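Asker: Numbering (my numbering) for the sequence shown: 2 to 540.
For every residue, glycine included, the Cβ atom is placed at its ideal position computed from N, Cα and C.
All figures in this text were calculated on a predicted structure; none of them were measured in a lab.
Let me begin by handing over the structure; questions about it come next.
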Amino acid sequence: MQRGKFFKATLIAAVATVALLGAQPGSAKTFKWGNDGDVSSMDPYARNETFLLTFMANIYEPVVRRDRNLKLEPALAVKWGNPSPTLWRFELRQGVKFSGGEAFSADDVVFSYNRAMGKGSNLGGNFTSVKEVRKVSDFVVEIETKYPDPLLADKLALIGIMSKAWAEKNNAQFAADMTKNEENFATRNSNGTGPFVVKVREPDVRTVLEPNKGWWDKPEHNLTEVIFQRVANDATRVAALLSGEIDMIYTVPPQDVERIRKTAGRRIIEGPETRIVFLGFNQQLDELPDSNVKGKNPFKDKRVREAFYRAIDVEAIKRTVMRGQSRPSALMVGQGLNGYDKDLDVRPKFDPELSKKLLAEAGYPNGFEVGMDCPNDRYVNDEAICQASVAMLAKVGIKVNLLAQTRSKYFAKILRTASDIEKSPNTSFYMLGWSPAATYDVHNVFESLIQSPSAQTKKGLFNAGGYSNAKFDELSNKVEQETDVAKRNAMIKEATKIYLDDYAYIPLHQQFVVWASKDNIELVQPADNYFPLRFVKVK
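Written out as structure tokens, the structure reads:
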């Protein structure tokens with residue numbers, strides 16, 4: 002089984018390939034690129050965040066990976082399938098070595114999956130269905146699930162395999178918990194089987210990669226060196242591209258797109274991303290941690306959540322903040338993904354006057370004060386979106402105290418690990434973005450963001466505000482196992498209506514993937530905003 006039957010062909014159509022005629026792989030080159038934020042850690046399980054996962058995917062490889070069209074293909078496994086509904090078997094590639102020289106085997110796969118499920122890891126949500134991972138022989142691994150999980154292979158495409166011997170030797174058997182600012186040897190060092198190895202690591206400054214000379218696969222790139230630089234300032238990052246100092250920028254400020262597009266020798270690469278950017282509420286605590294409302298939590302009242310929703314003008318955000326580079330959404334899943342429902346993608350009307358009325362009915366005729374957490378280097382114009390939302394909420398009487406921080410500090414504050422998932426949320430009101438890159442299916446959104454947080458099931462791991470609805474949980478669990486497409490889609494629709502009727506979140510928009518490069522760079526831009534260096538060529 003090499004693809005969940007629910008994958009939509011529309012997503013494949015969303016993949017943009019930038020091909021330059023005449024680019025030859027023979028003349029190897031240095032490739033320099035920049036982003037506004039750094040890779041938070043060299044540990045591939047440290048954080049379930051696209052940039053970290055895509056960067057580390059150049060170093061650590063999964064058993065199955067995605068090709069140029071996001072279809073599953075062999076990587077460290079040469080064959081896989083379901084001998085029975087609750088059993089998966091993976092036949093592993095022989096003759097592979099880690100860059101440190103250790104031979105790859107089933108022991109590394111079993112160790113890696115248990116580590117990814119263990120303490121400190123932020124990827125445990127991909128293993129909610131797993132009962133046991135076991136070694137059958139040196140090159141065969143079996144995974145027994147608690148119930149049928151038709152999307153398990155898709156989830157495993159996110160999990161890079163680590164060397165058991167290397168991790169044990171360096172006391173890195175467990176991932177360092179970034180929510181507690183922990184570090185271990187794997188935080189700053191790496192040892193994978195992938196196409197590149199780390200040559201220089203300077204956190205928040207630059208990371209230099211070079212080709213893995215012992216890589217088992219045939220290189221499609223022509224790179225001898227990759228230099229990644231963190232360039233936090235938008236103007237500086239764009240200037241570096243225009244001057245030729247760097248070859249490509251991974252995050253392009255919307256206000257600079259047309260200038261770059263009109264510059265000779267430069268190009269814009271863009272397309273819709275699978276990510277939805279949204280605002281979330283703390284609905285778990287009886288009193289918010291940073292609000293002037295004492296003794297109760299305003300967000301437990303549906304009328305307050307609706308008032309916030311109707312006070313946010315997403316069309317204005319699209320027009321003035323995103324410069325047209327977003328698609329407003331009513332859903333927590335974007336177009337092109339399985340489970341997207343066009344009929345339900347209709348936002349409640351922007352209506353500040355109704356917001357004021359709802360707040361008054363809820364007992365807040367003069368509004369109230371609340372804190373808001375937001376990243377300033379993670380999503381396109383993230384801080385500007387939060388600032389615009391703060392201004393809009395002020396017009397209905399809500400005073401929002403915005404705290405915008407770098408992604409490392411922000412995620413450490415608002416996210417919880419599987420071991421402390423049921424503890425009190427550490428935020429009152431926040432922004433987050435989510436792309437179901439594990440499966441390209443709405444169930445990933447359901448179990449990660451909307452299901453009740455549970456240490457036992459490891460679901461709701463990214464439900465930072467603690468939203469909980471028992472009927473939704475029941476439906477989501479059924480969706481996970483259902484193989485009848487018609488029945489599954491009916492349950493998805495019912496579950497979607499529940500979170501929409503609850504005003505559980507405020508979806509804002511589906512952001513666009515916008516990169517820019519010199520026109521002598523050949524690369525592939527998938528709709529999930531991953532950036533596989535193995536496809537890059539410098540002409």
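Count the C-beta pairs between the stretch 455-475 and the stretch 421-433 that are closer than 8 Å, then say yes if the count reaches three, no if not.
Answerer: Result yes; three or more Cβ-Cβ pairs closer than 8 Å.
Asker: Identify, in the order they occur along the chain, each residue of the same chain with its Cβ nearer than 8 Å to the Cβ of residue 519, setting aside the five sequence neighbours on each side.
Answerer: 242, 245, 248, 249, 266, 267, 268.
Asker: Less than 8 Å separating the beta-carbons of residue 330 and residue 510?
Answerer: Yes; because the gap between Cβ atoms is below 8 Å, this pair is in contact.
Asker: Straight-line CA distance for residue 514 to residue 120?
Answerer: Distance between the alpha carbons of residue 514 and residue 120 is about 33 Å.
Asker: Quick check on this structure: which residue in 264, 229, 55 has the alpha carbon closest to the alpha carbon of residue 240?
Answerer: Here the closest residue by C-alpha is 264.
Asker: Helix, strand or coil, according to DSSP, for residue 525 in the structure here?
Answerer: Strand at residue 525.
Asker: Using the beta-carbon count (16 or more within 10 Å), is residue 457 buried or exposed?
Answerer: Flag for residue 457 reads exposed.
Asker: For the stretch 288-367, which segments carrying the alpha helix (DSSP H) assignment without a break, of at least 4 residues, lie completely within its bounds, in sequence order?
Answerer: Listed in chain order, they are 303-312, 353-362.
Asker: Assuming the contact rule is C-beta atoms closer than 8 Å, residue 180 and residue 404 should be a hit. Round their C-beta distance to whole Å, please.
Answerer: About 17 Å separates the two Cβ atoms, so there is no contact after all.
Asker: Can you tell me which residues form a DSSP beta bridge with residue 279?
Answerer: Looking at the DSSP assignment, residue 279 forms a beta bridge with 433, 508.
Asker: For residue 20, is the classification buried or exposed, using 16 other Cβ atoms within 10 angstroms of its Cβ as the cut-off for buried?
Answerer: Low confidence applies here, because residue 20 scores a pLDDT of 37, under 50, leaving its location unreliable and the question unanswered by this model.
Asker: Which term fits residue 295, buried or exposed, when burial requires 16 or more other beta carbons within 10 angstroms of its beta carbon?
Answerer: So residue 295 ends up on the exposed side.
Asker: Alpha carbon to alpha carbon, how far is residue 438 from residue 370?
Answerer: Using only the alpha carbons, I get a separation of about 36 Å.
Asker: Could you give the distance in angstroms between the alpha-carbon of residue 170 and the alpha-carbon of residue 190?
Answerer: Their Cα atoms are separated by approximately 13 Å.
Asker: Considering only DSSP beta bridges, list what residue 517 is partnered with.
Answerer: According to DSSP, residue 517 bridges with 250, 269.
Asker: Which residues in the same chain have their Cβ closer than 8 Å to the Cβ of residue 359, if we skip the five residues on either side of it in sequence?
Answerer: Cβ neighbours of residue 359 beyond the five flanking positions: 304, 305, 307, 308, 311.
Asker: Assuming residue 31 is part of the alpha helix (DSSP H), what are its boundary residues?
Answerer: That residue, residue 31, is in no alpha helix (DSSP H); its beta strand (DSSP E) goes 30-36.
Asker: For residue 41, is the classification buried or exposed, using 16 other Cβ atoms within 10 angstroms of its Cβ as the cut-off for buried?
Answerer: That one is buried.
Asker: Do residue 113 and residue 144 come within 8 Å of each other at the CB atom, strictly closer than that value?
Answerer: Cβ atoms of residue 144 and residue 113: not closer than 8 Å.
Asker: Who are residue 160's beta bridge partners in DSSP?
Answerer: Per DSSP, none; premise fails for residue 160.
Asker: Can you pull the DSSP bridge partners for residue 373?
Answerer: Answer is 403.
Asker: Which word fits residue 96, buried or exposed, when buried means at least 16 other C-beta atoms lie within 10 angstroms of its C-beta?
Answerer: Label assigned to residue 96: exposed.
Asker: Look at the Cβ atom of residue 36, then the Cβ atom of residue 252, and state whether they are nearer than 8 Å.
Answerer: Closer than 8 Å, so yes.
Asker: What residue range is occupied by the uninterrupted beta strand (DSSP E) comprising residue 202?
Answerer: Here the beta strand (DSSP E) through residue 202 covers 197-203.
Asker: Which residues bound the beta strand (DSSP E) around residue 230?
Answerer: Element bounds for residue 230: 224-231.
Asker: Pairs of beta-carbons, one from the stretch 229-238 and one from the stretch 478-490, closer than 8 Å: are there three or more?
Answerer: Contact fails: fewer than three Cβ-Cβ distances are below 8 Å.
Asker: Determine the DSSP secondary structure at residue 165, reduced to helix, strand or coil.
Answerer: Looking at residue 165 - three-state DSSP - the assignment turns out to be helix.
Asker: Just to confirm, is the Cβ distance from residue 30 to residue 225 under 8 Å?
Answerer: It is a contact, given that the beta carbons lie within the stated cut-off.
Asker: Since residue 208 is in the beta strand (DSSP E), which residue starts that stretch and which ends it?
Answerer: Residue 208 -> beta strand (DSSP E) spans 207-212.
Asker: Contact between the stretch 147-159 and the stretch 98-105 is defined here as three or more beta-carbon pairs at a separation below 8 Å; is this criterion met?
Answerer: They do not touch, by the three-pair rule.
Asker: If you draw a straight line from the C-alpha of residue 430 to the C-alpha of residue 412, how long is it?
Answerer: Each residue's Cα considered, the two are about 14 Å apart.
Asker: Helix, strand or coil: how does DSSP classify residue 486 here?
Answerer: Helix, per DSSP.
Asker: Using only alpha-carbon positions, find the residue among 318, 383, 302 that is nearest to residue 564.
Answerer: Outside the shown range of the chain, which is 2 to 540, sits residue 564, and nothing can be said about it.
Asker: Mind listing, in chain order, the continuous beta strand (DSSP E) runs of no fewer than 3 residues lying wholly within the stretch 45-106?
Answerer: Taking only runs of at least 3 residues, the beta strand (DSSP E) segments lying wholly in the stretch 45-106 are 65-67, 73-75, 78-85, 88-93.
Asker: Tell me the start and end of each unbroken alpha helix (DSSP H) in the stretch 100-140 that is at least 4 residues and wholly inside, in chain order.
Answerer: Taking only runs of at least 4 residues, the alpha helix (DSSP H) segments lying wholly in the stretch 100-140 are 107-118.
Asker: Which whole-angstrom value is the C-beta distance of residue 154 and residue 73, which I expect to be below 8 Å?
Answerer: Right, their Cβ atoms sit about 6 Å apart.
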